[in-house]
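Visitor:
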Amino acid sequence: MTTEPTSYHQRVALEKRAAIMEAATGLFLESGYDGTSLARIAEAAGVSKATLFKQFPTKAALFGAIVTESWRGGADGETAPKPGDPAAGLTTIGNRYVELLTRPGMDALFRIVIAEAPRFPELARIQFEHGKMPFFDTVAKYLEEEKAAGHVRLEDSTTAATQFLGMISNHVFWPRLLLVDWDPEGIDTHRVVAEAVATTLARYGVPA
Numbered sequence: 002m003t004t005e006p007t008s009y010h011q012r013v014a015l016e017k018r019a020a021i022m023e024a025a026t027g028l029f030l031e032s033g034y035d036g037t038s039l040a041r042i043a044e045a046a047g048v049s050k051a052t053l054f055k056q057f058p059t060k061a062a063l064f065g066a067i068v069t070e071s072w073r074g075g076a077d078g079e080t081a082p083k084p085g086d087p088a089a090g091l092t093t094i095g096n097r098y099v100e101l102l103t104r105p106g107m108d109a110l111f112r113i114v115i116a117e118a119p120r121f122p123e124l125a126r127i128q129f130e131h132g133k134m135p136f137f138d139t140v141a142k143y144l145e146e147e148k149a150a151g152h153v154r155l156e157d158s159t160t161a162a163t164q165f166l167g168m169i170s171n172h173v174f175w176p177r178l179l180l181v182d183w184d185p186e187g188i189d190t191h192r193v194v195a196e197a198v199a200t201t202l203a204r205y206g207v208p209a
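For the sequence shown, the numbering used here assigns the number 2 to the initial residue and increments by one for each residue that follows.
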């Protein structure tokens, strides 16, 4: 008995899922969350409504999947270097954060949340819990590990992580939400990360 049909069906299902999420993201941005129906998304994605409902029974579930996919990779081993060299570890984390924030569509995703949050507060919760918080928790945990190893002094890893990530996002992300012609390519992101690392270690680092 061959497994080829199963593999084929799995591939088709993944392709349809990707098409649905791409269509939904575009329609959410164009017409807003409330103004976009699952039926319209199915039509734009070229799938049946039954196929869409099988994968995403609600719009909130679909939006949550979009958020999770947009931040995928943010909380995995790539962004959680082992303690031992705070400068190198924070640089790795900072560069990964830049890559996440400058992904195509990330600014659009935030615009959807900001525009629709007053009527659909669950969107903000989904973005926070499924998107930013897993990455943020990874950074705070890393700082706690460096503290335990004696390489940094801090009382509150949450504050330190907020400060570090804020120094980066204020340069490479938040201007995109207000300035539609703003180009992150014109910013030396490596320098932004280096300055954030230097400032964080000046505040919390333990001299060698």
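Each residue gets a CB set at the ideal place from its N, CA and C atoms; glycine is no exception.
So, using beta-carbon positions, are T190 and F165 closer together than 8 Å?
Guide: In this structure, F165 does not lie closer than 8 Å to T190 by Cβ.
Visitor: Buried or exposed: which applies to H10, given that a residue is buried once 16 or more other Cβ atoms fall within 10 Å of its Cβ?
Guide: exposed
Visitor: Using a Cβ-Cβ cut-off of 7 Å (strictly less than) and excluding sequence neighbours within five positions of V68, which residues of its own chain qualify?
Guide: L110, I127, Q128, H131 and G132
Visitor: Measure the Cβ-Cβ separation of I188 and V198 and say whether it is below 8 Å.
Guide: no
Visitor: Quick check on the burial criterion: 16 or more other C-beta atoms within 10 angstroms. Buried or exposed for D184?
Guide: A residue is called buried when at least 16 other Cβ atoms come within 10 angstroms of its Cβ; D184 does not meet this threshold and is exposed.
Visitor: Give the DSSP bridge partners of G206, in chain order.
Guide: V153
Visitor: Taking the straight line between their C-alpha atoms, what separation do you get for V114 and L124?
Guide: 6 Å
Visitor: If I'm right that Y205 touches V153 with Cβ under 8 Å, what's the distance once you round it to whole angstroms?
Guide: About 5 Å separates the two Cβ atoms, so the contact holds.
Visitor: Name the residue from S8, S170, A19 and V13 whose alpha carbon lies nearest to the alpha carbon of G95.
Guide: S170
Visitor: Buried or exposed, going by whether 16 or more other CB atoms sit within 10 Å of the CB of A161?
Guide: A161 is buried by the Cβ-count criterion.
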